[in-house]
Every structure is written in C-alpha cells, then in structure tokens.
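Below you'll find the structure, written out as structure tokens, and then a few comments.
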Amino acid sequence: MSEGKALTERPASVAVDGLEMSWDYWYRELHDGNCGYSLKIDRVLESTESDYQRIDVIENRTWGKLLVLYGSLMVAEHDQNAYNEMITHVPLFTHPSPKEVLIIGGGDCGALTEAVKHSEVERVTMCELDRKVVEVANRHLPHLATGVSSPKANLVFSDGKAYLEDNETKYDIIILDLSDPIGPAAELFQKSFHQLVYDRLNDDGILVAQSEAPFLHASAIRPMYANLRTIFPLVRMYTCSMPIYPSVLWSFAFCSKTHDPLRDFDRERWKAMASSIGTRYYNDEVHVAAFALPQFVRQLIDS
Ligand code: SPD
844 MSEGKALTER
854 PASVAVDGLE
864 MSWDYWYREL
874 HDGNCGYSLK
884 IDRVLESTES
894 DYQRIDVIEN
904 RTWGKLLVLY
914 GSLMVAEHDQ
924 NAYNEMITHV
934 PLFTHPSPKE
944 VLIIGGGDCG
954 ALTEAVKHSE
964 VERVTMCELD
974 RKVVEVANRH
984 LPHLATGVSS
994 PKANLVFSDG
1004 KAYLEDNETK
1014 YDIIILDLSD
1024 PIGPAAELFQ
1034 KSFHQLVYDR
1044 LNDDGILVAQ
1054 SEAPFLHASA
1064 IRPMYANLRT
1074 IFPLVRMYTC
1084 SMPIYPSVLW
1094 SFAFCSKTHD
1104 PLRDFDRERW
1114 KAMASSIGTR
1124 YYNDEVHVAA
1134 FALPQFVRQL
1144 IDS
C-alpha cells in the first residue's frame, strides 16, 4: 500500500447536474513511442510555457506533486530525492575540501539544497537557463528549494555555456544537473562543453553529469563516455534508482582530475554529517555500491 499524501478524494464516478463525470486522466511518457510509464493525474496544478519549454506540475496519489518539462518527468515529491542526493553527495564526499561548487541546470533547486548542507562548502552557484522552471518548482515543491535562502547560494539565470565562457572562476566541483540531451540542454552533452567544464575546474576538480538510462539510451551514453575519457584522466559511471525516470535505473558520469570516488570517499566526514544532512537515499553503503555496474553497462561505457 502506498503512503502517498491524501489528495482531493475523487470518486470514480460523480453526478454533476445529472451528468456522470468519470475522472480518468493519465500522464504517459513513452520511449521511442514504444514503451513507457504512465500515472494517473489526480490534479493539474499548473501548466505554462517559458521561452524554452512547456512546464507542467501534476499531482498523483503515489508520487505526490511532479514537475514535468517538455513532457518529461523531472522530479517528484515522493521519489526519496534520490537523484538530487546522488548527483550532489557522491562528488562532495569524495573531494577532500569542496569550497566552490557550480551547478549547471538544477532548476528544481534540489541539488543546490543538498550542496549547501556541506559545512566545507563556501559557495554554490546555480546557473539555470530557465527562470520560470525555478519559479514554478519553488511554488509547488518548496521542500526542495530550502537551500535558495542559504547565504552560500548564488543563483544565476544564464545559458551554462555562455556563463562558463564569460567567467574564469575555477571550481572544485561542477555538477551538470541537466534535462535530457534534446531541446535546451542538448549542447551541454557535447565534447566541446565538457572540455570547457574541465578548463574551469581546479587541478583536483570533479565533474558529475547526469548521463541518462543505461537500459534505453546506449546511443547517447556511448559517445558521451568516449568523449569524456579523452578529456578526464578518471571517468566512472554510477547509478541510482529513479522510479519516475524511464526504465528506473539512472546513471551519472563521475569525471575527475585526481580524486577517485571509492579510494577517496571520506566515510568519516559522511558519518559526522549524516544526521545534519538528513538524506533519504544516499548513505555510505549506497555511495560505494552505486559504482558496481552490470556487465552490459560496463561494456557500454568501455567500448
Ligand atoms: N528524463 C528525465 C531526465 C531528467 C534528468 N534531470 C533531472 C533534473 C532534476 N533536478
């Protein structure tokens, strides 16, 4: 039995002025028009468009409120915050002294909120293209956005590539918390952009980038990792379970100039900070286990 929040109880059939109203609205997200995921929409909370994309917030009994960009699920109220915790804490507990962090994308502000919890971190710049995504997400998913009010948080609304080209600040960690490699984020999956990210990292810097679904997106993952390996000395993949993303298994590219996410994982720092950070998915065992890859995934990124 799901523990989803109580929503407006909507009987299967309601009499309205003598008419029978049947509530049976569904969200459907397909991969290649062929297989996919669907969930019942209990309410549509907001539907709008920005200069870049369509933005929807829907509500479902199992997952609570969900943010949808261009018809693709991004984040849910009850997904245990797995993606945001994994994209953030894995590099932050690997780097020995993470002070300057840059998040490119990240419009729901969940990664920003996780990053500012780290006591060593002095500043987290979040560079998001679409201001409207931040406004809509903050309105409906405020629990993800508590980090915005931190004195460490620095929000910039700009194209990520232009931002890095125009600013020569160096970072300890850069996180590419992007939507899919179609539409507004497509260019940020390219080799030229990853080279620019490398150039803006300190000598022991770390890049983590979301890298799609191994079961479904081999054609995006294979060239991405091949390109990253020409730039970074250390490139590894780790995964997490994201129940609202296509095929559930989601991946991240961990790219580093020196630090290794297993050898240099600071378990003692995690133990000291675990209760103040208060994760729902990430912990020390998950940090290590996330780098264990099924054989087909190894072959995918080693080829
Ligand atoms: N198909 C959905 C991929 C979304 C990856 N990024 C999500 C950003 C959430 N902060």
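With the numbering used here, letter number 284 in the sequence shown gets 1127, and the count goes up by one each step, no holes.
Here a beta-carbon is modelled for each residue, glycine too, at the ideal position from N, C-alpha and C.
Just so you know, these numbers come straight off a predicted model, no measurement behind them.
Taking DSSP as the reference, what is the three-state secondary structure of Y870? Residue numbering aside, residue 870 sits at position 27 when the sequence shown is read from its first letter. Of the three classes helix, strand and coil, the one that applies to Y870 here is strand, per DSSP.
For the alpha helix (DSSP H) holding N927, just list the boundary residues, first then last. The count along the sequence shown starts at 1 and reaches residue 927 at position 84. Residues 925 to 935.
Give the DSSP-derived three-state secondary structure of K942 in the structure shown. To locate residue 942, count along the sequence shown from 1; it is residue 99. In this structure, K942 counts as coil in the three-state DSSP scheme.
Exposed or buried, K908, counting other C-beta atoms within 10 Å across all chains shown (16 or more means buried)? For this step, residue 908 is matched to residue 65 along the sequence shown. K908 comes out buried.
Where do the N-terminal and C-terminal ends of the beta strand (DSSP E) with N1045 fall, by residue? Within the sequence shown, residue 1045 is the residue found at index 202, counting from 1. Counting along the chain, the beta strand (DSSP E) containing N1045 begins and ends at 1044 to 1053.
Residue of Y895, S1054, D867, A1133 minimising C-alpha distance to N903: The residue you call residue 903 lines up with position 60 of the sequence shown. That would be D867, whose Cα lies nearest to the Cα of N903.
Sequence ranges, beta strand (DSSP E) only - wholly within the region 1114 to 1143, length at least 3: none
At a cut-off of 6 angstroms, is D867 close to the ligand SPD when judged by its beta-carbon and the heavy atoms of the ligand? Mapped onto the sequence shown, residue 867 falls at position 24. Not under cutoff, so the answer is no.
Within the chosen definition, does the region 947 to 963 reach the region 1068 to 1082 through at least 3 CB pairs nearer than 8 angstroms? no
In whole angstroms, what is the alpha-carbon distance linking S881 and E928? Numbered from its first residue, the sequence shown carries residue 881 at position 38. Numbered from its first residue, the sequence shown carries residue 928 at position 85. Taking the straight line from one Cα to the other gives about 25 angstroms.
Which listed residue (N1126, F1139, G876) has its alpha carbon closest to that of S932: Translated into positions along the sequence shown, residue 932 becomes position 89. Note that residue 932 is His in the sequence shown, not Ser. Ranking the options by Cα distance to H932, first place goes to N1126.
How is the beta strand (DSSP E) around V999 delimited, first residue to last? For this step, residue 999 is matched to residue 156 along the sequence shown. Unbroken beta strand (DSSP E) run through V999: 996 to 1000.
Taking N903 as part of the beta strand (DSSP E), name the residues at either end of that continuous run. By one-based count along the sequence shown, residue 903 stands at place 60. Unbroken beta strand (DSSP E) run through N903: 897 to 903.
In chain order, what are the residue ranges of uninterrupted beta strand (DSSP E) at least 3 long that sit wholly in the region 958 to 1035? 966 to 971, 996 to 1000, 1014 to 1020
Measuring alpha carbon to alpha carbon, tell me which residue in P1089, R1112, G1048, I884 is nearest Y870. Here residue 870 refers to the residue found at position 27 when the sequence shown is read from its first residue. When only C-alpha atoms are compared, the closest one is I884.
Own chain, CB closer than 7 angstroms to R974, minus 5 neighbours either side, in chain order: Taking the first residue of the sequence shown as 1, we reach residue 974 at position 131. So the list reads F1000, once near-sequence residues are dropped.
Could you say which of C1083, I1025, Y1088 lies nearest to A1135 if we only look at CA atoms? As a position in the sequence shown, residue 1135 is number 292, starting the count at 1. Of the listed residues, the one whose Cα sits closest to A1135 is C1083.
Report the residue ranges of all beta strand (DSSP E) runs contained in full by the region 1068 to 1116; include only those spanning at least 3 residues, in chain order. 1077 to 1084, 1092 to 1099
Out of I1016, N997, D1002, which one is the CA nearest neighbour of E943? Along the sequence shown, one-based indexing puts residue 943 at 100. Out of I1016, N997, D1002, I1016 has the C-alpha closest to the C-alpha of E943.
As assigned by DSSP and simplified to three states, the class of G879: Position 36 of the sequence shown, counted from the first residue, corresponds to residue 879. G879 falls in the strand class under three-state DSSP.
Three-state secondary structure assigned by DSSP to A1056: Your numbering for residue 1056 matches position 213 in the sequence shown. Looking at A1056 - three-state DSSP - the assignment turns out to be coil, as it is neither helix nor strand.
Boundaries (first-last residue) of the beta strand (DSSP E) holding G949: Reading the sequence shown from its first residue, position 106 is the one you call residue 949. Per DSSP, G949 belongs to no beta strand (DSSP E) and is neither H nor E.
R1079 to G1026, Cα distance in whole Å? Here residue 1079 refers to the residue found at position 236 when the sequence shown is read from its first residue. Here residue 1026 refers to the residue found at position 183 when the sequence shown is read from its first residue. If I take the Cα positions, the gap works out to 26 angstroms.
For E1128, count neighbouring Cβ atoms within 10 angstroms of its own Cβ and tell me buried if that reaches 16, exposed if not. Counting from 1 along the sequence shown, the entry for residue 1128 is found at position 285. Result: exposed.
CB of M917 to nearest heavy atom of the ligand SPD: below 6 angstroms? As a working mapping, residue 917 is identified with position 74 in the sequence shown. The answer is yes for M917.
Y1088 CB to nearest heavy atom of the ligand SPD below 6 angstroms: Along the sequence shown, one-based indexing puts residue 1088 at 245. Flag set: Cβ of Y1088 near the ligand SPD.
Given a threshold of 16 other Cβ atoms within 10 Å of its Cβ, counted over all protein chains shown, does N877 qualify as buried or as exposed? On the sequence shown, position 34 is the one that residue 877 refers to. Result: exposed.
Burial state of A849, where buried means 16 or more other Cβ atoms lie within 10 Å: Translated into the one-based positions of the sequence shown, residue 849 becomes position 6. In this predicted model, A849 has a pLDDT of only 46, less than 50, meaning its place in the structure is not dependable enough to derive any value.
Whole angstroms is fine: what's the gap from F1032's alpha carbon to A1133's? Residue 1032 sits at position 189 when you count from the first residue of the sequence shown. Residue 1133 sits at position 290 when you count from the first residue of the sequence shown. Approximately 22 angstroms between the Cα atoms of the pair.
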